[in-house]
Amino acid sequence: MKHNGLEYLDFERVNALLEGFNQSTGFVTAILDLDGNILSKSGWRRICTKFHRVNCETNRQCIESDTVLSQKMSEGEKYHFYTCLNGLVDVAVPIVIQGVHVANLFSGQFFFDTPDVEYFKAQATRFGFEPDAYLAALREVPVVSQEKVRTVMDFLLDMTQLISEMTLQRIEQSELNDALRLSGIALRESLERFRIAQDMSPDGFTILRPIRDTRGDVVDFTWVYENTAIARLNGTDPDLVVGKRLLDLFPSHRDTNIFQIYHQVAQSGKSQTLEMGFSGDSMVRPTWFRLVVVPMAGDIAILAQDLTERKVSEERLEYQHTHDFLTGLYNRGFLEKELERLDDPRFLPVSLIIADTNGLKLINDSFGHAEGDQVLRKAADLLQSRCRPEDIVARYGGDEFIVILPNTSRSETEALLDEIEAAARTEEIASIELSLSFGYETRIIMEDDFTAIFKLAEDMMYRNKLYASSSAKNKTIGLVINSLFAKSDRESEHSKRVSDLCEFIAGKLQMSTLEIQRMRIAGLMHDIGKIGTPESILNKPGRLSEKEWEEIRRHPETGFRILAASKEFIDISAAILEHHERWDGTGYPRGISGESISLQARIIAVADAYDAMTSARSYKPPMDIEEAVDELHLCAGTHFDPNIVRVFTGHFGEFANRE
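So in this note's numbering, spot 437 of the sequence shown is number 444, and the numbers just go up one at a time.
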């Protein structure tokens, strides 16, 4: 029988799930029916609630966007991303109950890329929003990667499945209650057919007959019937248990709530429903059930619906509500509640440690987010392993961790930090040294405010980070360039030759000694951004496809992000970004021209092109030196700075003949 699933939706439980999901991940959610009406929501963005949903025109755009996204769900997609007419990204997941698409679970109000502030300023003016308040609300909207969103969407798919299962259980419960209201005579007349149906059912079904004493009080039950499902769960044989006493089969039931429920239903003739867990006796495995106990023509009938999988799902959602999904540590929401609990003299002194992962953005840019995630997990494991069970270790933000140490003095905290720092120095993740900066403070008396304690610890951490972060970044950059050269001998040899050429040209341009040294380093590192390029492309023997060239063309921007993260290399980062720009403006990535291109980049462009032309590839022989020089002259003023070409070719014999 088909139902309108929405009428059976347990909104109280669904709201709890959505609220937990919001607090765990920071993603806002809502359930909308197919007409776009909001049925349930959690944590809506302020830019929507205070601006877009208030203004008539932007609200119309919200409704129109919701409708478009809902229509996409009717086309059979698992989930769909959509940029709404007000400029924010939403995603929808269909809720399907008994094969019918009844509603959509929306999540969103985020960006994949940094938002265009000028666009939103114009939008504020257009719709009469107070600009500062509107832009403040805009800054609250997170920028997230598609990889993270897809991970969260997989979790949302699990959530919609759980919502569908919960709703389906309520439908089945309603149908069961209707069936059990039939008269005892009707049930007995159809008992054989009912038994066959019950034996095919995944739910357990039992009929018990009360045994009464001389006063009419129920003292035990005789086993009348059990179906295959309940026999499997109990580990019993249906043919052997019929006629046996309940308390002979399960003696421990006498002192449990379950026997009292059976007794009350048999005595009062009124149905009862409860949820409870079972283990022990002959139960094959610990199991959660919903028990529906109803009177039936002098007997009692018990329907046992197995809720174990649902309970496991709920426990998983509860875990997600209090834990960070990446590291398994407690999350910020749980930490803030624990700080309220620890606001008690019994826990004094309370020490607080803030730990920050040095160079995480550089690791993500260089080796990818998967490697960065490994660093975060390693840091989390290290902190957790050095703490006591009563200590609280939480991930507080992207690369920050908080440790709360109840009943721990300042000296004890310092000793613990010495131990953690010593352990961190021995940890590596794919040759990346684990580097953490710490700050700490101790609350000694109740008058010390936790907010002030946190600020002091944070200030110390940032002071320490000034010293530690630079060293960590420089080590990571060294690892990046060595990793690139290890991936490709061709890239290694090419970079060294370009470095020599850059040094030679810089000398002939009469640059200073320091500038010549930096030019040599820039030449060596000009292709450092190729660390993000697959080895299959770097070492491909034949010509690259257009798609592979698109991958290659990303390396100047990747290289810029890597080097700009370090003060030691920031002066050459622009050259790395611009070394594929052309004198006439037809290069990439920005299409700048002439002297707008840094001098370092213009030198690298000539050196890089010359070495590429005179080096062999599997798909082409090397050019003769004279041919390469002619090609440089031909492209001077279009591809290359004509003065640099003139200086290089004018002194080329000197370069070719030097040791």
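Think of the CB as a built atom: it goes at the ideal place given N, C-alpha and C, for glycine as much as any other residue.
Compute the Euclidean distance between the alpha carbons of residue i and residue j, then round it to the nearest angstrom.
| i | j | result |
| --- | --- | --- |
| Arg60 | Ser152 | 26 Å |
| Asp568 | Met532 | The sequence shown places Arg at residue 568, rather than the Asp named in the question. So the two alpha carbons sit approximately 13 Å from each other. |
| Ala623 | Ser373 | 28 Å |
| Thr213 | Ala273 | 14 Å |
| Ile528 | Ser603 | 22 Å |
| Ala304 | Leu349 | 57 Å |
| Pro352 | Pro413 | 10 Å |
| His562 | Arg653 | 28 Å |
| Leu25 | Gln116 | 15 Å |
| Cys69 | Glu154 | 26 Å |
| Asp631 | His640 | 14 Å |
| Ala99 | Ser77 | 7 Å |
| Asp42 | Thr74 | 7 Å |
| Ile488 | Asn471 | 27 Å |
| Asp648 | Phe118 | 40 Å |
| Phe662 | Ser392 | 58 Å |
| Ser190 | Arg317 | In this prediction, Ser190 scores a pLDDT of 49, lower than 50, which makes its location untrustworthy; no coordinate-derived value is stated. |
| Thr458 | Thr415 | 18 Å |
| Phe655 | Phe134 | 59 Å |
| Ile579 | Pro628 | 32 Å |
| Ser495 | Phe136 | 55 Å |
| Met290 | His330 | Note that Met290 has pLDDT 49, beneath the 50 cutoff, so the model's placement of it is unreliable and no number is given. |
| Tyr474 | Ile535 | 25 Å |
| Ile45 | Glu84 | 21 Å |
| Leu570 | Glu564 | 10 Å |
| Gly594 | Ser502 | 20 Å |
| Ala362 | Glu407 | 6 Å |
| Leu162 | Tyr403 | Reading off the sequence shown, one finds Phe at residue 162, where the question assumed Leu. Rounded to whole angstroms, Phe162 to Tyr403 spans 21 Å at the Cα level. |
| Gly405 | Asp466 | 18 Å |
Suppose contacts are defined by Cβ-Cβ distances below 7 Å. Is residue i in contact with residue j by that definition?
| i | j | result |
| --- | --- | --- |
| Ala635 | Tyr617 | yes |
| Ile411 | Ile427 | no |
| Leu281 | Leu254 | no |
| Thr315 | Thr294 | yes |
| Ile436 | Gln381 | yes |
| Gly566 | Ile577 | no |
| Ala386 | Thr420 | no |
| Tyr141 | Ala129 | no |
| Asn111 | Met160 | no |
| Ser444 | Met468 | yes |
| Thr483 | Leu369 | yes |
| Ser418 | Leu486 | no |
| Pro245 | Phe228 | no |
| Pro302 | Gly276 | yes |
| Ile538 | Glu558 | no |
| Ala401 | Leu346 | no |
| Ser600 | Glu585 | no |
| Ser47 | Asn29 | no |
| Ala614 | Leu463 | no |
| Ala311 | Phe296 | yes |
| Arg395 | Thr334 | no |
| Lys515 | His646 | no |
| Asp97 | Tyr86 | no |
What residues are listed by DSSP as bridge partners for residue i?
| i | result |
| --- | --- |
| Tyr337 | His330, Ala401 |
| Ile38 | Ser47, Leu112 |
| Glu233 | Thr213 |
| Val96 | Thr90, Phe117 |
| Gly446 | Ile361 |
| Trp295 | Gly284 |
| Leu310 | Phe212, Val299 |
| Arg219 | Val225 |
| Arg252 | Thr229 |
| Asp643 | One detail in the question is off: residue 643 reads as Ala in this sequence, not Asp. Per DSSP, Phe647. |
| Val103 | His108 |
| Glu542 | Partner(s): none; Glu542 has no beta bridge. |
Can you tell me the Cβ-Cβ gap for residue i and residue j, rounded? I've got them flagged as a contact below 8 Å.
| i | j | result |
| --- | --- | --- |
| Ala430 | Leu367 | Contact flag wrong, Cβ pair sits at about 19 Å. |
| Pro114 | Phe34 | Just to set this straight, residue 114 is Ser in the shown sequence, not Pro. About 5 Å; that satisfies the 8 Å criterion. |
| Ala596 | Thr449 | Looking at the sequence provided, one finds Pro at residue 596 rather than Ala. With a Cβ gap of about 50 Å, Pro596 and Thr449 do not count as contacting. |
| Glu510 | Gly530 | 7 Å |
| Leu92 | Pro122 | Wrong, their Cβ atoms sit about 15 Å apart, outside the cutoff. |
| Glu233 | Thr243 | 7 Å |
Please report whether the beta-carbon of residue i lies at a distance below 7 Å from any beta-carbon of chain B.
| i | result |
| --- | --- |
| His270 | Looking at the structure shown, chain B is missing, and only one protein chain is on hand. |
Q: Tell me the start and end of each unbroken alpha helix (DSSP H) in the stretch 456-505 that is at least 4 residues and wholly inside, in chain order.
A: Taking only runs of at least 4 residues, the alpha helix (DSSP H) segments lying wholly in the stretch 456-505 are 457-494.
Q: Could you name each continuous alpha helix (DSSP H) segment of 4 residues or more that falls completely within the stretch 588-627, going from the start of the chain to the end?
A: Those alpha helix (DSSP H) runs which fall completely within the stretch 588-627 and span 4+ residues are 606-621.
Q: Taking only runs that begin and end inside the stretch 127-154, name each unbroken alpha helix (DSSP H) of 4 or more residues, in chain order.
A: Counting only runs of 4 or more, we get 138-146.
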